[in-house]
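Working notes, structure below.
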Amino acid sequence: MKRTALIGHLNDTHAGQTVTLHGWVNRRRDLGGLIFLELRDRSGMVQVQVEPDSAAFADADRLRAEYVTEIEGTYQTRPESQRKGGLADYEVIATRVRVLNTAKTPPFELEKGDSVAEDIRLKYRYLDLRRPDMQRNLMLRSKAVAAVTAFLDEHGFVQVETPMLTKSTPEGARDFLVPSRQNPGEFYALPQSPQLFKQMLMIAGYDRYYQLARCFRDEDLRADRQPDFTQLDMELSFVDQDDVLEIQEQLLAHVFRQTLGIELPVPFPRIPYMDAMNRYGSDKPDLRFDLAFTDVTDLFQGGEFKAFAEAQTVKVIAAPELTRKQIDELERIAKQNGARGLAWLKRDGDTFTGGISKFVAAQTPALLTRTGVAHGGTLLFAAGDWKKAVSALGAVRLALRDLFNLAATGPQFHVSWVTEFPQLEFDEDSGTWTYMHHPFTAPHPDDLPLFGTARQGEIRAQAYDLVLNGYEVGGGSIRIHDPEVQGRMFQAIGFTPEQANEKFGFFMDALEYGTPPHGGIAWGFDRLIMVMSGATSIREVIAFPKNNRGVDLMALAPSPVDTTQLADVGLALATE
Ligand code: ASP
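Okay, here's the thing in structure tokens:
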């Protein structure tokens, strides 16, 4: 079975030659005694013509959709001037057809894959993966892996694999647990990330590490989450934040250049967390368009309009002209995101009408100049607790993006860094402080004295997120390498020395044996490829994903197991 080339690799140099191709029948049409086949492999599709008097005809006549076949024939191309960009530009006139295998009629028409229920696509994923869209996504992914590997190898990174059966790593999700047969009553955790191992590789002196690491987090699923997913995980020694960001910029630019032929402008803009929240209401702002907020808290303070006068924050967004129905819908979104309401004004000449217009006479001139709202345009306000107000307006900003297709006004891809995240976050539910990134992130050295004081919420972390088109596609930090600071951090998040020791004793020990300054990052690789491919769900760029209930519909996992299997690992189901 000697194939001349993959279908997509045929080119003008093959013209007039006899070629042998392997593939699947995408479609068969009979026209005026001729059989036309579309032959597909993972690289492309070509039209095959079988003439009634050819030796190939009888075998070709047996072919049906998705049969596997070998075709031998003459490759013909239309002269370049006559090409129409369709399949008929290139053709194989078959001289021999071999049916290599038959196929049942597929449960869905592959060509209509886009509109088929996702559950069907996932159940028959091996058929779904034959579709050109999925082939394109998986090829893009494979090319991106090759680009990453080439770049990192060239820049002195060592590829190391870390364990899958391990101990809990705190990334803020639930662990997937695996019972240990040899140690009844004890469990491994699947890694939420290789965080501690990569830090220990730095302690071990490997200097620069990377891994395409499978990570596991048991959390509620969304379009951009899977229970098992892939990170491009990296760590570097003897670096500060600028060093990490610079090499990451080069790496991402390299990946875009190699895979999509797109030149990303570097350096990427760096936006401190507080600015991102204050201006865009998000720590992963979509900056393909601006539509930034204006702060007008001061205009209303101590004034008549109580709802705004007493608010910690009043932010406004200058939107285009909106209908009442659109405003109502935006208000629903604001409320869903924590706001009590969405106040509005419509600009009419140099005054405002509608909404809260009767309360803003005194502020009108300032509102006009500060917001620059266009004639007929709408001002949308969120007021209240700072975090809630900005987050709600952030959601409204994204809804406006979708309503007016604002993303299309900017570059196809916009990358930025969000920096200076808070080190600690107060969790209202439990009434305790917790880490924002993870407990190994180094605080800004100037802010160290704030630990343990009433102002510890102001401690800035040396943490950074990589943001692409409004998606967080990477996150990392400079790490604590001083055991004393690590101890303070554990204390700040309420770990007693005993608890810290029980969870991370091995790591605390390691820190004391000559830890270099180090830092790193992990990319959410699936998410990155999703955005690069233009898909809106990571399931489109993962070969065998789970659905949004965490079920692999093809292999039917998870599934019940025998009681004997459970007994082997010392377990019994409580519900039985
Ligand atoms: N381990 C972190 C994460 O999974 C990434 C990092 O800090 O390098 O988000």
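According to our numbering, the residues represented by the sequence shown are 10 to 585, in order. We treat Cβ as the ideally placed atom computed from N, Cα and C, and that holds for glycine.
Inspect the CB distances between the segment 517 to 529 and the segment 482 to 492 and report whether three or more fall short of 8 Å.
-> yes
Can you list, in chain order, the stretches of the beta strand (DSSP E) that have 3 or more residues and sit fully within the segment 395 to 430?
-> Under the rule that a run must span 3 or more residues, the beta strand (DSSP E) segments found entirely inside the segment 395 to 430 read 424 to 428.
Proximity to Tyr473 [Cα-Cα], best of Gly364, Phe66, Phe277 | Nearest of Gly364, Phe66, Phe277 to Tyr473, Cα basis: Phe277.
Enumerate in chain order the residues of its own chain whose CB-to-CB distance from Asp68 is below 7 Å, with the five nearest sequence positions on each side excluded.
-> Val106, Arg107, Val108
Pairwise C-alpha distance: Leu308 and Arg406 = So the two alpha carbons sit approximately 22 Å from each other.
Please indicate yes or no: does the CB of His447 lie closer than 7 Å to some heavy atom of ligand 1?
-> It does: the Cβ of His447 is within 7 Å (strictly closer) of some heavy atom of ligand 1.
Taking 7 Å as the cut-off, is the CB of Ile487 close to at least one heavy atom of ligand 1?
-> no
Rounded Cβ spacing between Asn287 and Asp299 (contact assumed at less than 8 Å) = Rounded to the nearest angstrom, the Cβ distance from Asn287 to Asp299 is 14 Å, too far for a contact under 8 Å.
Where does Asn287 fall in DSSP's three states?
-> helix
C-beta contact flag for Ala182 and Arg145 at 8 Å = no
Using CA coordinates, which residue listed in Val275, Arg134, Ile342 is at the minimum distance from Ala408?
-> Ile342
Alpha carbon of Val427 to alpha carbon of Arg266, nearest angstrom = About 23 Å.
Compute the distance between the beta-carbons of Val57 and Leu46, then report whether it is under 8 Å.
-> yes
Validate contact between the segment 203 to 212 and the segment 170 to 179 using beta carbons, cut 8 Å, 3 pairs | yes
Does ligand 1 have a heavy atom nearer than 7 Å to the CB of Ser202?
-> yes
The alpha helix (DSSP H) with His263 in it runs from where to where?
-> 250 to 269
Is the number of C-beta pairs between the segment 121 to 136 and the segment 540 to 558 that are closer than 8 Å three or more?
-> yes
Cβ contact (3+ pairs, closer than 8 Å) linking the segment 494 to 507 and the segment 438 to 450 = yes
Under a three-way DSSP split, which group does Asn510 fall into?
-> Asn510 falls in the helix class under three-state DSSP.
Do the CB positions of Thr332 and Thr322 come within less than 8 Å of each other?
-> Judged by their CB atoms, Thr332 and Thr322 are not nearer to each other than the 8 Å cut-off.
Indicate whether the contact test is met: 3 or more Cβ pairs, each with one atom in the segment 311 to 322 and one in the segment 380 to 387, closer than 8 Å.
-> By the Cβ rule, the segment 311 to 322 does not count as touching the segment 380 to 387, because fewer than three pairs are nearer than 8 Å.
Could you have a look at Gly503 and say whether DSSP puts it in helix, strand or coil?
-> Gly503 falls in the coil class under three-state DSSP.
heavy atom of ligand 1 below 7 Å from Ile256 C-beta | The beta carbon of Ile256 sits no closer than 7 Å to any heavy atom of ligand 1.
Please state whether DSSP places Lys132 in a helix, a strand or coil.
-> helix
How is the beta strand (DSSP E) around Pro281 delimited, first residue to last?
-> Start and end: 279 to 281.
Once you ignore the five residues that flank Val248 on each side, which residues in its own chain have a CB closer than 6 Å to its CB?
-> Gly528
Three-state secondary structure (DSSP) of Thr104 = strand
Expressed to the nearest angstrom, what Euclidean distance is found between the alpha-carbon atoms of Lys355 and Gly479?
-> 28 Å
Taking Cβ to Cβ, would you say Asp251 is nearer than 8 Å to Tyr219?
-> no
Can you name the start and end residues of the alpha helix (DSSP H) that Asp70 belongs to?
-> 66 to 71
beta-carbon Gln240 near ligand 1 non-hydrogen atom, thresh 7 Å | yes
Return helix, strand or coil for Thr378, following the three-state DSSP convention.
-> helix
Between the C-alpha atoms of Gly381 and Thr441, what's the straight-line distance to the nearest angstrom?
-> 42 Å
To which residues of the same chain is Arg195 closer than 6 Å at the C-beta, ignoring the five residues directly before and after it?
-> First, the residue type needs correcting, since residue 195 is Glu and not Arg in the sequence shown. So the list reads Ser189, once near-sequence residues are dropped.
Look up Val154 in the DSSP assignment and say whether it is helix, strand or coil.
-> helix
Under 8 Å Cβ to Cβ from Leu433, same chain only, skipping five residues before and after it: list those, please.
-> Hits under 8 Å: Trp442, Thr443, Tyr444, Met445, Gln465, Gly466, Ile468, Ala501, Ile502.
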